[in-house]
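Add 108 to a position in the sequence shown, counting from 1, and you land on the number used in our numbering.
The structure appears below as structure tokens.
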Amino acid sequence: MPTVIGLDSSTQSLSALLMDTEAGTILHEESVNFGKDLPQYGAPSGYIPGGKDGEVHADPRMWLEALDLLFTRLKEQGVDLSKVEAVSGSGQQHGSVYLRSCFPEKLSGLSADSDLKSQLEGCLTRSTSPIWMDGSTSEECAEIATAVGGNEVVCAKSGSIAIERFSGPQIRRFAKKDPTAWAETGSVHLVSSYLASVLAGAEAGIDFGDGAGMNLMNLADEAWDEDLVNATAEGLAEKLPALVSSDTLVGNVSVYFTEKYGLNADAIVTVWSGDNPCSLVGMGAATPGKVVISLGTSDTMFAAMPNAVTDPNGYGHVFGNPMGGYMSLICFMNGSLAREAVKEEYGLSWDDFETEALASEPAGNAGRLMLPFVKPEITPLRDSAGITFSGWEEGEKSHPAIVRALLEGQFTNMRIQSEWLGVQPEVVLLTGGASKNNGIAQIVANVFQVPVQRLAVSGSAALGAGIRAAVTVCWADLAELEAKFCRPEEGGEIKPEPQTAEAMIAMKKGFEALLGA
Ligand code: XUL
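Encoded structure:
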């Protein structure tokens, strides 16, 4: 029975899924919560609170200790790791780790008599790692954009305009603030390639999926972009790991994991990727046609795309799709936050929300529209918060109409902001907290006029990492794995109501006018 491991190093935890790829079953799940299990790093939610000037950092030693703790727990619980054939992983995107030139040598000499942190911490030239929540680099973004001829050029080359949380601007800020430590830095890794290196005991490359989240990779060439690299920091070209295709094998697992935890010595490590690229695979959406909408604190929308078109407005991102081609990622700040705010304001429960939204008001809300930007929005860019209403008569803002306006507003905005992809989705896969709500799912189905499915999967990033490992190492068939692991929830499909199609088109036109105003 071919067994693989998918790991996921997210903001708050490190998790493992042990998968039997033949039977299509999850054999074991294990997780280390950074805040709860490693309180000594002072990061209750996985990052160090109280950062200045928008800085949000985490301790890269914490991720090493978590890896040891995860495998200790697997061993203590008697999980048989001797049959594991392949391992890959997913890392929170954009986070960067700064290491001395001794890193590869230390990796190859890891001793099972000691632990990862003690043996590798001496390699760090920067004690903390900026992560994706960091917004401290506006100045650096502007400098990089100016140096290469503007944000249109950055976007056309790298798939995104210069973005605060992306690794390139973060690297520039470090090189400017601490030139001595920068000069001592031999390599800059991402969370994904750092942990893949540790697991394999050899320096791993950065894959096209995660590499595209750095503002340094040229999408068309799938290579580091000379202009962007030079505009970012002096000497960066020599410090960047190899940029590799997502199916690249790093090598066998390190003897450290074999000797210490009984991991099969023949198990092969596939390069890791970012969490969004891995989730694309774990959701069964790696081939174009399926669009994933993930409802969270902020909502995200991602989809496989055949060609590397970029967002002319500069809001969306393009990353490499680990299964080949590209993927888009669009983030909307006003996700659950806006839904919660309206729910609180009108004293509703989620059940009310479901019935209220559907029952009494017609699809399209009789032309009463709402732009629900309860906090500043990034897609489209709105620096100040504010709800905009259009088409309402005095005294009409009743509960059901407000709920419908909010939901139709959120999803119509998604539809408008994803038009640059040029792909008409065949199905929307809805995931995340609010996805269970049938009222919300029905509105999504109507707005996009395609069926909405909810999947039975949780932990799609780790699952995607495991699937990637199985495909690249065990030659497993992607479609077969998707059929086994990424099944839609039984009876969970919601069909669009064709009679609403016309109202949806009219509503979209109204929104476009409102957004342009
Ligand atoms: C994507 C992003 C987040 C992180 C979360 O650009 O910043 O989704 O990947 O881990």
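Beta carbons: idealized from backbone N, C-alpha and C, even for Gly.
Straight-line spacing of the CA atoms in residue 486 and residue 314 works out to 27 Å.
For the ligand XUL, residues qualifying as neighbours are 118, 119, 200, 201, 202, 240, 273, 321, 382, 383, 384, 408, 425, 437 and 439, where qualification means a beta carbon closer than 7 Å to at least one of its heavy atoms (chain order). DSSP places residue 434 in the strand class (E or B) of the three-state scheme. Here DSSP, grouped into helix, strand and coil, assigns residue 485 to strand. The beta carbon of residue 253 sits closer than 8 Å to those of 259, 261, 262, 269 and 270, all from its chain and outside the five residues before and after it, given in chain order. In this chain, the beta strand (DSSP E) harbouring residue 195 covers 192-199.
Per DSSP, reduced to three states, the secondary structure at residue 176 is helical.
In the DSSP annotation of this structure, residue 442 is not part of any alpha helix (DSSP H), being labelled neither H nor E.
Taking the CA atoms as reference points, residue 215 sits about 19 Å from residue 351. In the structure shown, the three-state DSSP call for residue 425 is strand. A Cβ-Cβ separation of about 3 Å places residue 594 in contact with residue 392 under the 8 Å criterion. By the neighbour-count definition (other C-beta atoms within 10 Å, threshold 16), residue 221 is an exposed residue. Between residue 111 and residue 192 the beta-carbon gap is near 5 Å, inside 8 Å, which marks them as a contact. For residue 285, the number of other beta carbons within 10 angstroms of its own is below 16, and it is reported as exposed.
Here DSSP, grouped into helix, strand and coil, assigns residue 293 to coil. Under the three-state reduction of DSSP, residue 510 is assigned to helix.
For residue 206, the enclosing beta strand (DSSP E) starts and ends at 204-207. In the three-state scheme derived from DSSP, where H, G and I count as helix and E and B as strand, residue 415 is classed as coil.
In the three-state DSSP reduction, residue 497 falls in the strand class (E or B). In this structure, residue 387 lies away from residue 309, with their beta-carbon atoms at least 8 Å apart.
Our two residues, residue 153 and residue 199, have alpha carbons roughly 16 Å apart in a direct line.
Rounded to whole angstroms, the gap between the alpha carbons of residue 585 and residue 182 is 28 Å. Here the alpha carbon of residue 244 sits roughly 36 Å from the alpha carbon of residue 532.
The closest CA to that of residue 588, considering only 113, 118 and 133, is found on 133.
Your pair residue 275 and residue 204 checks out as a contact, with CB atoms roughly 5 Å apart and the cut at 8 Å. When the Cα atoms are used, residue 356 and residue 342 turn out to be separated by approximately 28 Å. Secondary structure of residue 562 (DSSP, three-state): strand. The DSSP-derived three-state label of residue 603 is coil. For residue 247, the closest C-alpha among the options 217, 278, 237 and 225 is that of 278. Our two residues, residue 420 and residue 445, have alpha carbons roughly 27 Å apart in a direct line.
Pairing residue 522 with residue 415, the inter-Cα distance amounts to about 20 Å. Of the residues assessed, residue 113 falls on the buried side of the cut-off, its CB having 16 or more other CB atoms within 10 angstroms.
Counted as a single uninterrupted DSSP element, the stretch harbouring residue 505 is not any alpha helix (DSSP H), since DSSP gives it neither H nor E.
Comparing alpha-carbon positions, the option among 227, 558 and 209 lying closest to residue 217 turns out to be 227. Residue 518 holds the alpha-carbon nearest to the alpha-carbon of residue 480 among 116, 518 and 131.
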